[in-house]
Amino acid sequence: MGQQPSTPKITAQDRAIFQMKQQRDKLKQYQKRLNVVVLRQTNLAKEALSKGDKERALFYLRSKKQQQSVISKTYEQLDNLENLIGTIEFKLIEKDVVYGLTQGNQVLQKLNTEMSVDKIDKLMDEVEDERLKVDEVSEILGTKNALSNSEELEVDEEFERMDREINGTVQLPDVANDTHKVSFPETPSTELEPEEAQKEEQQNTPNEPLVA
Amino acid sequence: MEPYEFPKIHSFPPMYTQQPNATILDNQLGSWCDIILSYCEYYKISSITLTGTVIYSQFDDLDITQLPPVFENKAIDRAVNDEFKSTIFRHLIHKSKKAEYINAKSPEAGVLIYWRSLVDWANLIHDFVENTGQSGTVLTVYELTKSEDSGLPADLKNFDYNMLVKVLKNVLIKQGKAQILMSEDDPEQIGGVKIV
Chain X
1 MGQQPSTPKI
11 TAQDRAIFQM
21 KQQRDKLKQY
31 QKRLNVVVLR
41 QTNLAKEALS
51 KGDKERALFY
61 LRSKKQQQSV
71 ISKTYEQLDN
81 LENLIGTIEF
91 KLIEKDVVYG
101 LTQGNQVLQK
111 LNTEMSVDKI
121 DKLMDEVEDE
131 RLKVDEVSEI
141 LGTKNALSNS
151 EELEVDEEFE
161 RMDREINGTV
171 QLPDVANDTH
181 KVSFPETPST
191 ELEPEEAQKE
201 EQQNTPNEPL
211 VA
Chain G
1 MEPYEFPKIH
11 SFPPMYTQQP
21 NATILDNQLG
31 SWCDIILSYC
41 EYYKISSITL
51 TGTVIYSQFD
61 DLDITQLPPV
71 FENKAIDRAV
81 NDEFKSTIFR
91 HLIHKSKKAE
101 YINAKSPEAG
111 VLIYWRSLVD
121 WANLIHDFVE
131 NTGQSGTVLT
141 VYELTKSEDS
151 GLPADLKNFD
161 YNMLVKVLKN
171 VLIKQGKAQI
181 LMSEDDPEQI
191 GGVKIV
């Protein structure tokens, strides 16, 4: 029970906006009221006219016109208020942005001081030194950490073999089709043989990878 | 709007007299509570007096004096007496917990009917504020319940002030999601709220 969740704080700006919004609401309610009055006066004018009371009808219409001009004035005021509220809210956001930028700048500065060029240079030198030492030792012992070229090749070959074993049965026909399509236009340019022989050749070539 | 269609039990004459047997009475009170809740939900009634007169409905074009009375059935010529009405409301408040006195010190001021729970109302309000990007800005009560141009969802339109107070004080403030501002014209009334 003792731990109450922190409630959002109401700032002075919030209060200012709240005051203006209250004014705006009042204006809106005022407009609504005037609209009702205008509507009633229109009806009253109609009624008076139908009864033949011309003077009274004119009176209602005049008064209605007056209300309408008041309504349009309140719209201007409403516009002003809304503008002001909007401006204040936007300024508040700008303030937040500036605050965020300052914070970010501070962090960046701190990080930069931690990473001075001299320090990094020294660090890199040290790393290089250590690496050289390792190489030296390896050489003395006659064993290099890295695999030789031929060893790498062997690894690649074994990988391909394994790949064929596991995936080969599915992929192989696809591969054969591809080579068939690709090699098809090339064959005549390299070999100058009768057409029939060429065809035989082409039929044979795609089969080769299959056999292998 | 079509008038509310009462359930069949509303035309059952014994419903209108308090039953002596405790078990039957409990059932009877339960049925009455169901009727009240569904009646109020249908007409979006948020508050009602202990005699069953509607105080507030969210439908602003609804003539609340013309609604079919909940405790009366003219077809079978029956009506609940005031004493039993109070008993029914006590059941709704203390047993079903689906209602609360507007002012605990003066029950005759009426009761708030929770056909939607306060927590659900709170979520609706909170979602609206969040989805319209108004978290953290001060909103007036007028803006939150009445205004035509704030894009209010239909459920919140013309939301009862008394209900809003309950939702704010009993749920949102306790969750640390809201802070209220008192109205300048009437320091007793909540004028605005900041929801995060």
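Chains as they are written, first to last, in full-length UniProt numbering: chain X, 1 to 212; chain G, 1 to 196. Cβ coordinates follow ideal geometry from the N, Cα and C atoms, glycine included. Quick caveat: nothing in here was measured; it's all calculated off a predicted structure.
| Asked | Found |
| --- | --- |
| Rounded to whole angstroms, how far is the Cβ of residue 163 (chain G) from the Cβ of residue 115 (chain G), which I believe are closer than 8 Å? | Contact flag wrong, Cβ pair sits at about 11 Å. |
| Using the C-alpha atoms, what's the distance from residue 63 (chain G) back to residue 10 (chain X)? | 39 Å |
| Specify the secondary structure class of residue 57 (chain G) as computed by DSSP and reduced to three states. | strand |
| Quick check: the region 106-114 of chain G against the region 137-151 of chain G, are there 3 or more CB pairs under 8 Å? | no |
| Can you tell me whether residue 94 (chain G) is buried or exposed? The criterion is at least 16 other CB atoms within 10 Å of its CB, across all chains shown. | exposed |
| Can you pull the chain G residues whose beta carbon is under 8 Å from the beta carbon of residue 63 (chain X), in chain order? | Result: empty, since nearest Cβ-Cβ is about 26 Å, beyond 8 Å. |
| Let's test the definition: count the other Cβ atoms within 10 Å of the Cβ of residue 118 (chain X) and tell me whether it reaches 16, buried, or not, exposed. | exposed |
| For the putative contact between residue 4 (chain G) and residue 56 (chain G), defined by C-beta atoms under 8 Å, what is the C-beta separation to the nearest angstrom? | At roughly 16 Å, the Cβ-Cβ gap does not stay under 8 Å, so residue 4 (chain G) and residue 56 (chain G) are not in contact. |
| Can a CB atom of chain X be found closer than 8 Å to the CB of residue 140 (chain G)? | yes |
| Check each candidate in G:47, G:71, G:189 and G:50 and name the one with the smallest Cα separation from residue 7 (chain G). | G:71 |
| DSSP three-state label for residue 47 (chain G), please. | strand |
| Using the Cα positions of residue 164 (chain X) and residue 147 (chain X), report the straight-line distance between them to the nearest angstrom. | 24 Å |
| Is the beta carbon of residue 193 (chain G) less than 8 Å from the beta carbon of residue 141 (chain G)? | yes |
| If you count every other CB in all the chains shown that lies within 10 Å of the CB of residue 73 (chain G), and 16 or more means buried, which is it? | buried |
| Would a check of beta-carbon distances place residue 95 (chain X) closer than 8 Å to chain G? | no |
| Which one of G:79, G:91, G:59 and G:2 has the shortest CA to CA distance from residue 31 (chain G)? | G:91 |
| Going along the chain, which unbroken runs of the beta strand (DSSP E) with 3 or more residues stay wholly within the region 108-174 of chain G? | 111-113 and 138-140 |
| Nearest to residue 60 (chain X) by alpha carbon, out of X:70, X:47, X:18 and X:29? | X:47 |
| If you measure from the beta carbon of residue 89 (chain X) to each beta carbon in chain G, is any gap under 8 Å? | yes |
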